[in-house]
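One point on numbering: in UniProt numbering, the residue at position 222 of the sequence shown is 222, and numbering is uninterrupted.
Quick reminder that beta carbons are idealized off the backbone N, C-alpha and C, glycines included.
Source: prediction; values computed, not measured.
Notes follow once the structure below has been shown.
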Amino acid sequence: MNKSKSDKVKDFYENWDVSKYPDYLKVLMEFEENLIFKIISKDDFFKSLSKSPKNIKVLDCGCGFGSFYDLTKDFDTIYLDFSLNLLRKFKIEKNKICASIENLPFKDGIFDLILCINVLEHVDFKKAVFEVKRVLKTNGRAYFIVVNSDSIINDEIFVEWKIPHNLISKSDFNDIESEDFKIDYIKSFYFLHPFFKVFPKPILKGIINLFFKNDEKISSFLKFKGQFLICRMVKK
Ligand SMILES: C[S@@+](CC[C@H](N)C(=O)[O-])C[C@H]1O[C@@H](n2cnc3c(N)ncnc32)[C@H](O)[C@@H]1O
1 MNKSKSDKVK DFYENWDVSK YPDYLKVLME FEENLIFKII SKDDFFKSLS KSPKNIKVLD
61 CGCGFGSFYD LTKDFDTIYL DFSLNLLRKF KIEKNKICAS IENLPFKDGI FDLILCINVL
121 EHVDFKKAVF EVKRVLKTNG RAYFIVVNSD SIINDEIFVE WKIPHNLISK SDFNDIESED
181 FKIDYIKSFY FLHPFFKVFP KPILKGIINL FFKNDEKISS FLKFKGQFLI CRMVKK
């Protein structure tokens with residue numbers, strides 16, 4: 001029997017073991033993570049929530065094994081993923097839920113902030129975004145991060161992973177924008193040509209350091225051509 005796309009994605013993540021990846025790929029993944037940390041933690045909306053974190057309800061939707069725990073640990077955060085394997089690898093005891101983003105097990109209007117990082121590529125885009133919007137409070141924000149289909153960098157990270165996925169563009173977000181769910185801002189980030197992969201790890205790290213420091217400048221020059229997009233949406 002042919003497996004559905006969702007079953008294939010689930011199988012993949014149930015067996016996902018990043019420790020087996022080659023060094024250069026781990027370094028590239030760390031580069032993306034560090035950029036996301038920097039962009040979100042410096043963002044005005046995020047900073048405004050950080051003033052009284054215990055009262056802020058956050059959902060890390062598709063949290064994996066908790067790469068972004070340090071960003072959300074001071075809030076009242078729920079960590080959701082549909083892979084039990086990854087939730088088990090995520091070394092916290094409480095507030096973990098195994099469920100699908102396409103059918104979130106929450107009432108409407110609960111969360112102040114939702115992070116959805118590299119998840120929409122694997123799911124029904126519209127259905128998932130609608131669910132995120134449904135569980136957000138009025139004036140709540142969601143940060144969506146996706147692999148950008150308009151990137152000038154012709155090397156997408158998921159190629160190595162052999163997993164069903166769709167790249168997503170700015171126009172996909174424009175298409176789902178509505179009166180009650182508006183794009184607050186959208187930009188691309190991560191500019192690193194795959195050519196650099198050939199360098200040994202210490203040199204690659206040095207190169208990445210330069211790109212890390214200059215990502216914002218490159219982004220304002222190359223606009224929506226980076227390998228990833230971050231889109232912040234507000235529920236009205
Ligand atoms: C690329 S990983 C990203 C994990 C984490 N957000 C991060 O950035 O480190 C994609 C995650 O999406 C999860 N995922 C895929 N489809 C999902 C679905 N329908 N519902 C919930 N999570 C899903 C996977 O299990 C996996 O943890």
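Using a 10 angstroms sphere on the CB of Tyr-79, the tally of other CB atoms reaches 16 or more, which defines it as buried. 7 Å or more divides the Cβ of Gly-66 from the Cβ of Phe-46. Going by DSSP, Ile-183 is part of the beta strand (DSSP E) stretching over 181 to 189.
Take the alpha-carbon of Lys-54 and the one of Gly-140: they are about 16 Å apart.
The segment 133 to 148 makes contact with the segment 166 to 180: 3 or more CB pairs, one atom from each, lie closer than 8 Å. Looking at the DSSP output, Thr-77 shares a beta bridge with Val-58. Judged by pairs of C-beta atoms under 8 Å, the segment 20 to 30 touches the segment 186 to 204, as three or more such pairs exist. If you look at Leu-136, you'll find it in the beta strand (DSSP E) that goes 136 to 147.
Relative to ligand 1, Ser-220 has its C-beta separated by 6 Å or more from all heavy atoms.
Look at Val-18: its beta carbon is at least 6 Å from all of the heavy atoms in ligand 1. Not one heavy atom of ligand 1 lies closer than 6 Å to the C-beta of Tyr-79.
Within the same chain, Cβ atoms closer than 6 Å to the Cβ of Glu-33 are found at Ser-67, the five residues on either side in sequence being excluded.
The closest CA to that of Phe-125, considering only Leu-136, Phe-106, Cys-63, Glu-102, is found on Glu-102. Placement of the Cβ of Asn-174 at a distance of 6 Å or more from every heavy atom of ligand 1 is found.
Bounds of the beta strand (DSSP E) holding Asp-112 are 111 to 117. By the Cβ test, the segment 221 to 229 is in contact with the segment 175 to 191, since at least three Cβ pairs between them sit closer than 8 Å. Leaving aside the five residues that flank Ser-83 on each side, the residues in its chain whose CB is nearer than 6 Å to its CB run, in chain order, Tyr-13, Glu-14. Annotation for Ile-92 indicates a beta carbon at 6 Å or more from all heavy atoms of ligand 1.
Here Ile-40 carries a helix assignment [DSSP, helix/strand/coil].
A distance of 7 Å or more separates the beta carbons of Asp-43 and Gly-62. Counting only residues of its own chain and dropping the five nearest sequence neighbours on each side, Glu-121 has a CB closer than 8 Å to the CB of Val-146, Val-147, Phe-158, His-165, Asn-166, Leu-167, Ile-168. Taking a 10 Å sphere around the C-beta of Tyr-143, we find 16 or more other C-beta atoms and assign the residue as buried.
DSSP, read as helix, strand or coil, puts Val-123 in coil.
For Val-9, the uninterrupted alpha helix (DSSP H) segment begins and ends at 5 to 14. Contact check for Phe-111 against Leu-136 passes: the beta carbons are separated by less than 7 Å.
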